[in-house]
Amino acid sequence: MTARQSHEKLREEVRKVCQKFPNEYWRDLDEKREYPEEWVRAMTESKHLAALIPEEYGGLGLDLSAACVILEEANRSGANANPAHAQMYVMGTVLRHGSEAQKREYLPKIANGELRLQAFGVTEPEAGTETTATRTFAKKKNGKYIINGRKIYISRVQYSDLMVLLARTTPVEKVEKKSHGLSVFIVDLREIKGKSLDVKRRRVMMNNFTNELEFRDVEVPAENRIGEEGRGLKYILDGMNAERILIAAECVGDGRFFLERAVERANGREVFGRRIGENQGVQFPIARAYANLEAANLMVEKAASLFDAGEPCGAEANMAKMLAADASWECANVAMQTLGGYGVDAEYDVERKFRETRLYQVAPISTNLILAYIGERVLGMPRSY
Ligand SMILES: Cc1cc2nc3c(=O)[nH]c(=O)nc-3n(C[C@H](O)[C@H](O)[C@H](O)COP(=O)(O)OP(=O)(O)OC[C@H]3O[C@@H](n4cnc5c(N)ncnc54)[C@H](O)[C@@H]3O)c2cc1C
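Numbering (numbering that gives the first Met the number 0), first residue to last: 0 to 384.
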């Protein structure tokens, strides 16, 4: 079977799972601000969320290109993969940098759904984009780390058993470079939520389960540190290419969702005795958005295949994320305009996905920071930070 054929088969499988969760399901959750528990369970049982976990640990052992197909197809169906996508890329930190004991302990249980690793704790109120300004501190004492500090916009903590956390282990004044002295931990959330870990949900524009966290003497066994002490930022950055590429694939899926609705409406809606799509003022923006989406998709595919080949892909992963987020946002606007008043009507689902896809201009990395990466690291222009 060629890669294209196996991707097509995978698409069909994901479609089959997602068909059980029509847009009414997502609309209802959006209104109630509830977590898509049944969808996450179904995607776990079908093993799609364990796509990147190697077979020896109970996963599907697929590559990133295949994982992209899964998330793209999920979002194309009207689902929002956001409540579950972190499991795919956060797990990568354990897989790439964890000890064999950590992998044996966690990966099979994540693959079979016994444990959820949906939470990824990096952003802080005083250290947003500037990750090296992280203040949350893990102090080593008697074979444990005692963690204190605050994090903001940490998603899915309520629905996760584990969190991969970035914290300082050496004060910034005592390190040679600001990027040193940060470490990564697997934090077991089950016993600490509501006790030494305060979790306060933030209400945001879309149905997203993001939170403010306060760590008050949270104890983490030393064996839960991933890799070497002080090298955590490198491990986190290492996983970010996968995260960006996967989220770019979700944006492509969103773009396809919007275009399908826009085309359907342009073909079906009659005003002034003709279909609105006959007007080039309606048709051309849809055609342009399609062309931009297809171009962005090529960059997503390129970035994923470089990643899968083990080649450097920082520039491509960043460009894929930016281009796909821009393309899905263009498609969102085009769909909203094509639907006229129905575009902002919740029953038509465009406004829900419009809010969902807007996030990707900001998170997990904002467009400006991608442009800075391209300008400075790829093109060699002066640094702004
Ligand atoms: C719904 C939601 C869910 C999230 N989930 C998670 C999560 O699970 N885990 C997690 O760790 N984080 C999460 N985040 C955080 C997210 O990754 C950050 O919001 C994002 O990285 C931007 O950081 P900030 O909000 O602090 O923006 P800031 O750092 O305050 O930046 C604000 C603006 O200034 C711009 N800017 C800053 N510096 C420069 C510069 N040098 N040049 C040009 N422009 C600049 C930025 O591009 C941005 O547009 C989430 C955020 C949201 C909204």
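We treat Cβ as the ideally placed atom computed from N, Cα and C, and that holds for glycine.
Margin query: So if I measure from each beta-carbon to every heavy atom of ligand 1 and keep distances below 6 Å, which residues remain?
Written below: In chain order, the residues that have a beta carbon nearer than 6 Å to some heavy atom of ligand 1 are 119, 120, 121, 122, 127, 128, 152, 153, 154, 203, 207, 209, 358, 361, 362, 363, 364, 365, 367, 368, 371, 383, 384.
Margin query: Given this structure, state the Cα-to-Cα distance separating residue 137 from residue 178, to the nearest angstrom.
Written below: So the alpha carbons of these two residues sit roughly 16 Å apart.
Next item on the list: Sort 4, 31, 45, 6 by Cα distance to residue 17 and report the nearest one.
Entry: Comparing Cα positions, the closest option is 45.
Notebook entry, point to check: So what does DSSP say about residue 10, is it helix, strand or coil?
Noted result: Helix at residue 10.
Next item on the list: Within the same chain, show all residues whose beta-carbon is closer than 7 Å to that of residue 434, passing over the 5 residues directly before and after it, in chain order.
Entry: Here the chain has residues from 0 to 384 only, and residue 434 is not among them.
Notebook entry, point to check: In terms of alpha-carbon separation, which member of 156, 102, 357 lies closest to residue 58?
Noted result: Checking every option, the nearest Cα to that of residue 58 belongs to 102.
Margin query: Tell me which residue opens and which closes the beta strand (DSSP E) that residue 147 is part of.
Written below: Looking at the DSSP string, the run of the beta strand (DSSP E) that includes residue 147 is 143–154.
Check: DSSP state of residue 137, grouped into three classes?
Finding: It is a strand residue.
Note to self: Applying the 10 Å Cβ sphere with the 16-neighbour rule, what's the burial state of residue 338?
What the structure shows: Result: buried.
Margin query: Helix, strand or coil for residue 194? Go by DSSP, reduced to three states.
Written below: Correct three-state label for residue 194: coil.
Notebook entry, point to check: For the beta strand (DSSP E) that residue 209 lies in, which residues bound it at each end?
Noted result: For residue 209, the enclosing beta strand (DSSP E) has its first and last residue at 209–220.
Note to self: Considering only the alpha carbon of each residue, which of 183, 192, 234, 249 lies closest to residue 84?
What the structure shows: Checked all of 183, 192, 234, 249; the closest Cα to residue 84 is 249.
Margin query: So, with DSSP's three-state summary, where would you put residue 329?
Written below: Residue 329 carries a helical assignment under DSSP once its states are collapsed to helix, strand and coil.
Next item on the list: Consult DSSP for residue 199 and reduce its assignment to one of helix, strand or coil.
Entry: Look at residue 199 here: in three-state DSSP terms it is strand.
Notebook entry, point to check: Should residue 54 be counted as a contact of ligand 3 given a C-beta to heavy atom distance under 6 Å?
Noted result: Judged by which ligands are present, ligand 3 is missing from the structure shown, whose ligands are ligand 1.
Next item on the list: Identify, in the order they occur along the chain, each residue of the same chain with its Cβ nearer than 6 Å to the Cβ of residue 62, setting aside the five sequence neighbours on each side.
Entry: Result list for residue 62: 307, in chain order.
Next item on the list: Buried or exposed for residue 155, please, with buried defined as at least 16 other CB atoms from any protein chain shown within 10 angstroms of its CB.
Entry: Answer is buried; the Cβ neighbour count reaches 16.
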